[in-house]
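Q: Structure below; questions to follow.
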Amino acid sequence: MAQVWHQRLDTLREVILADIARGDYFGAVLTVGRGGEVVFAGAFGAEDADGERPLRYDNVFSIFSVTKAFTNVLIMKAIEEGRFALTTKVKDVLPEFTGKPREDATFYHLLTHTAGMPGVWTPKEGMYLDRLQDLFEASVEHVAGEVPPGTRCDYSPLVNHVLMGTALVRTDPQGRNYQTLLHQDLFAPLKMDSTSMGLRPDLEDRHVKPDMRGTVPIKHLSRNIEGDHALFEDPEVEAPHVGCASTSEDLYRFSEMLRRGGELDGVRILSPAMIRLARKVHTGDMPNQLYKRVAENAGWEVPPANQGIGFQVRGTGVFHHLFGSLASPETFGNYGAGSTMFWVDPEADVSFALCSAGVMTQAANIERCGKLSDIALSAMI
5 MAQVWHQRLD TLREVILADI ARGDYFGAVL TVGRGGEVVF AGAFGAEDAD GERPLRYDNV
65 FSIFSVTKAF TNVLIMKAIE EGRFALTTKV KDVLPEFTGK PREDATFYHL LTHTAGMPGV
125 WTPKEGMYLD RLQDLFEASV EHVAGEVPPG TRCDYSPLVN HVLMGTALVR TDPQGRNYQT
185 LLHQDLFAPL KMDSTSMGLR PDLEDRHVKP DMRGTVPIKH LSRNIEGDHA LFEDPEVEAP
245 HVGCASTSED LYRFSEMLRR GGELDGVRIL SPAMIRLARK VHTGDMPNQL YKRVAENAGW
305 EVPPANQGIG FQVRGTGVFH HLFGSLASPE TFGNYGAGST MFWVDPEADV SFALCSAGVM
365 TQAANIERCG KLSDIALSAM I
């Protein structure tokens, strides 16, 4: 039995190396664990297209929308602390958020991407994306509701998490800013020592500068540093949707907290009850409008959105999916633009944390992540 396990994990390594040799991406760092034991951990390939800077296991990556998972967990934590509820209307915490039909959106709608607003990548063309208050004001002013909340699933690249980040700051009993709140309430307790909102200066030497390879539709501008995607190099960032940097090892620790029902090393972040609710599908048969377009352009069957509360959920059926086809229905996790993903399979008792260099297109990344996920799960015999 052990021999089969190791052979399958050797296959995982070989497939990653073959992907890199083919030029699909530059390199990857992957951690996989079962029942709390790390069974696969390695760094493969390089940071750059020329292969001049080999990846190390402790490399720090800009994790893009995996940042949203941290915001989501802190929202769930705030709900458990009684600061507001899933059913609380956003306008009751953020009174600026008015106007029909968006003013009927609740935190449940934000967490399930069903708030009825368009999936915009920036609330205002050409603006800096590095300050939470600026992002909030622009979102309130420029992003109107299109359909009643709960009637459409439209992945929110920015606005939902700007609203949730602002709600966390507004209701924080200690009056902290978002960067401090994230560190003190999540990263430090979980000993995610190489994770920060904004690129913390002591992490700079290990940072893999993102190479977008033309796959990202907008610029990520910072007022402090020049460059189309300078936000990912700036330590002074508060962007609850994309602003964090982390390692595969830290994302694995975060995943382990979720696998263990909200606790890790004696520190409890969430209750098991909240995680059980979050990892169920809450969007019925609705497609996710973003992935509907990706699937149609690729000639695939359009999958259901399968949104949980704050997480993407595998659900049932066979279709292209980041978590593959072998994951159990309540497998849940998050991903970041063509490069980063974590998931937890509660039935297989597996945690998976991938960071990669060389951003891929949406469709290519879905195929890559699904393939690697299936190989990892096939080893869990």
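The numbering of the sequence shown is my numbering, which starts it at 5 and goes up by one. Ideal Cβ placement from N, Cα and C applies to all residues, glycine included. Keep in mind that this is a model prediction, so the values were computed, not measured.
Label residue 120 either buried or exposed according to how many other C-beta atoms from any shown protein chain fall within 10 Å of its C-beta, with 16 as the threshold for buried.
A: Within the sequence shown, residue 120 is the residue found at index 116, counting from 1. Residue 120 is buried by the Cβ-count criterion.
Q: Could you pull out every residue in the same chain whose Cβ sits closer than 8 Å to the Cβ of residue 272, ignoring the five residues on either side in sequence?
A: In the sequence shown, counting from the first residue as 1, residue 272 sits at position 268. These residues qualify, in order along the chain: 266.
Q: Give the C-beta separation of residue 124 and residue 163 to the nearest angstrom, bearing in mind that I take them to be a contact with Cβ-Cβ under 8 Å.
A: Stepping through the sequence shown from its first residue, residue 124 is reached at position 120. Stepping through the sequence shown from its first residue, residue 163 is reached at position 159. Rounded, the Cβ-Cβ distance is 6 Å, consistent with contact.
Q: Does the Cβ of residue 310 have 16 or more other Cβ atoms within 10 Å, making it buried, or fewer, making it exposed?
A: Reading the sequence shown from its first residue, position 306 is the one you call residue 310. Per the 10 Å Cβ criterion, buried.
Q: Would residue 214 be called buried (16 or more neighbouring beta carbons within 10 Å of its own) or exposed?
A: Residue 214 sits at position 210 when you count from the first residue of the sequence shown. So residue 214 counts as buried.
Q: Run through the stretch 230-266 for me and flag every whole beta strand (DSSP E) of 3 or more residues, listed as ranges in chain order.
A: Those beta strand (DSSP E) runs which fall completely within the stretch 230-266 and span 3+ residues are 248-250.
Q: Answer yes if the stretch 361-375 comes into contact with the stretch 239-258, meaning at least three C-beta pairs across the two stretches below 8 Å, and no otherwise.
A: Touching, no.
Q: Report the partner residues of residue 339 according to the DSSP bridge assignment.
A: On the sequence shown, position 335 is the one that residue 339 refers to. Bridge partners of residue 339: 345.
Q: Using 10 angstroms around the beta-carbon of residue 5, count the other beta-carbons present and answer buried if the total reaches 16, otherwise exposed.
A: For the purposes of this step, residue 5 is identified with residue 1 of the sequence shown, where counting begins at 1. The predicted position of residue 5 is uncertain, since its pLDDT is 45 and thus under 50; a value taken from the coordinates is nonetheless stated next. Looking at its Cβ environment, which holds fewer than 16 other Cβ atoms inside 10 Å, residue 5 is exposed.
Q: Can you list, in chain order, the residues of its chain whose CB lies under 7 Å from that of residue 128, leaving out five sequence neighbours each side?
A: As a first step, residue 128 is located in the sequence shown; it is residue number 124 there, counting from the start. Taken in chain order, the residues that qualify are 142, 146.
Q: Can you tell me whether residue 320 is buried or exposed, with buried defined as 16 or more other CB within 10 angstroms of its CB?
A: In the sequence shown, counting from the first residue as 1, residue 320 sits at position 316. That one is exposed.
Q: So residue 132 and residue 227 are in contact, right, with Cβ under 8 Å, and what is the actual spacing, rounded?
A: Position 128 of the sequence shown holds residue 132. Position 223 of the sequence shown holds residue 227. Between residue 227 and residue 132 the Cβ distance is about 5 Å, and since that is below 8 Å, they are a contact.
Q: Give the secondary structure of residue 164 by DSSP, where H, G and I count as helix, E and B as strand, and everything else as coil.
A: On the sequence shown, position 160 is the one that residue 164 refers to. Helix.
Q: How about residue 324 and residue 307: do their beta carbons lie closer than 8 Å?
A: Taking the first residue of the sequence shown as 1, we reach residue 324 at position 320. Taking the first residue of the sequence shown as 1, we reach residue 307 at position 303. Result yes, Cβ atoms of residue 324 and residue 307 sit closer than 8 Å.
Q: So what does DSSP say about residue 204, is it helix, strand or coil?
A: Taking the first residue of the sequence shown as 1, we reach residue 204 at position 200. In the structure shown, residue 204 sits in coil (DSSP, three-state: anything other than H, G, I, E or B).
Q: Please state the DSSP three-state secondary structure of residue 107.
A: Here residue 107 corresponds to residue number 103 of the sequence shown, with the count starting at 1. Helix at residue 107.
Q: Exposed or buried, residue 56, counting other C-beta atoms within 10 Å across all chains shown (16 or more means buried)?
A: Locating residue 56 in the sequence shown gives position 52, where the first residue counts as 1. Exposed: under 16 other Cβ atoms inside 10 Å.
Q: Around the Cβ of residue 64, are there at least 16 other Cβ atoms within 10 angstroms (buried) or fewer (exposed)?
A: On the sequence shown, residue 64 is found 60 positions in, with the first residue counted as 1. Buried: at least 16 other Cβ atoms inside 10 Å.
Q: Determine which residues share a DSSP beta bridge with residue 32 and list them.
A: As a position in the sequence shown, residue 32 is number 28, starting the count at 1. The partner list for residue 32 (beta bridge, DSSP) reads 48, 360.
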